[in-house]
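Each remark here refers to the structure printed beneath this line.
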Amino acid sequence: MEILTENKDDFFVIKIVGRLDASTSNDLEEKVLEAIEDNGVTNMLINFDELEYISSSGLRVLLVAAKKLKVKSGIIKICGMKSHIREVFEIAGFTPLFTIEDHC
Amino acid sequence: MNLKISNNLEELDNLALFLEKFGEKYDISPGVIFEINLSLDELVTNTINYGFNDDNDHVISLDMILEANKIVIELIDDGVMFDPFSKPDPDLTLAVEEKPIGGLGIYFVKQKMDEWSYERTENLNIVKLGKNIN
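Line by line, the protein sequences give chains W and X. If you count the first sequence from 1, position 45 lands on 45 in our numbering, and the numbers rise without skipping. Basically our numbering = 1-based index in the second sequence + 1000.
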């Protein structure tokens, strides 16, 4: 898995490339916590264009981010979700927690 | 087909590669392979994270066969006794503030597989799964 970050418009953008599972989710968690807690990010856009796989370990990190941004009245958006990943979000009841956009 | 992995999360990549090969060999759709990958990932991750009380290397063994209209899966480890299916399903309706962290993995297994069972035999945890295919 690879994580690319940039600041674009009013959002901190995190692009995740590859597979997000228990062996890689800690790297994402570090990036997310650094952004929110150290750098004061309130608006986050997570780019799933090149995310091929997600497990509950990946969802866990996204839930942590959503909880922290909710407290700050921030925004968390996810774009470019492939259909099999969207299905995981739906089974988990996660779709209402995020603003989901088809295209990035 | 059989795969043996050690109790190390980096083995999840080998699990994924193995399932891809199984899919190619038996002409199983990528969607079904994804669902099996997710289910086995969740079970194996739990076992690696919580199943062993020592620092030793352990082997987790996976057997998969294709029957007439069903993929039959057996996952065996020598970790502490744990029935992954014993917990109640999570409440998915909670708002973000109340949603607990974790607890979704085994729920995914139950959603994606058609059959699941657990047995303890001597010092082994044996999880059996069945996935119907068309």
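Cβ coordinates follow ideal geometry from the N, Cα and C atoms, glycine included.
Under the three-state reduction of DSSP output, residue 55 (chain W) falls in the coil class, being neither helix nor strand.
Bounds of any alpha helix (DSSP H) do not take in residue 1128 (chain X); it lies within the beta strand (DSSP E) bounded by 1124-1132. In the three-state scheme derived from DSSP, where H, G and I count as helix and E and B as strand, residue 1028 (chain X) is classed as coil.
Counting every other CB atom within 10 Å of its CB across the protein chains shown gives residue 1059 (chain X) a total below 16, marking it as exposed. Between the alpha carbons of residue 1083 (chain X) and residue 1127 (chain X) lies a gap of roughly 8 Å. In the DSSP assignment, residue 1105 (chain X) falls outside any beta strand (DSSP E) and within the unbroken alpha helix (DSSP H) covering 1105-1112. Using beta-carbon distances, residue 1077 (chain X) does not count as an interface residue toward chain W, since no partner is under 8 Å. Assignment of residue 1094 (chain X) by DSSP, reduced to helix, strand and coil, places it in the coil class. Between the beta-carbon of residue 60 (chain W) and that of residue 1102 (chain X) there is about 6 Å, and that keeps the pair under the 8 Å contact cut. Membership of residue 87 (chain W) in the alpha helix (DSSP H) is indicated by the continuous run 83-92. Under the Cβ criterion (8 Å, minimum of three pairs), the segment 3-13 of chain W counts as touching the segment 40-48 of chain W. Minimum Cα-Cα distance from residue 1062 (chain X) among the listed residues X:1001, X:1131, X:1124 corresponds to X:1001. Its chain contains 1130 as the residues whose beta carbon lies nearer than 6 Å to that of residue 1115 (chain X), once the 5 sequence neighbours on both sides are disregarded; these appear in chain order. In chain order, 1064, 1129 place their CB closer than 6 Å to the CB of residue 1073 (chain X), counting only its own chain and leaving out the 5 sequence neighbours on each side. Partner residues in the beta bridge of residue 1077 (chain X), as assigned by DSSP, are X:1125.
Inter-segment contact for the segment 85-92 of chain W and the segment 1103-1123 of chain X is present: three or more beta-carbon pairs are separated by less than 8 Å. For residue 20 (chain W), the uninterrupted beta strand (DSSP E) segment begins and ends at 11-20. At a Cβ-Cβ threshold of 8 Å, residue 22 (chain W) and residue 1009 (chain X) count as neighbours.
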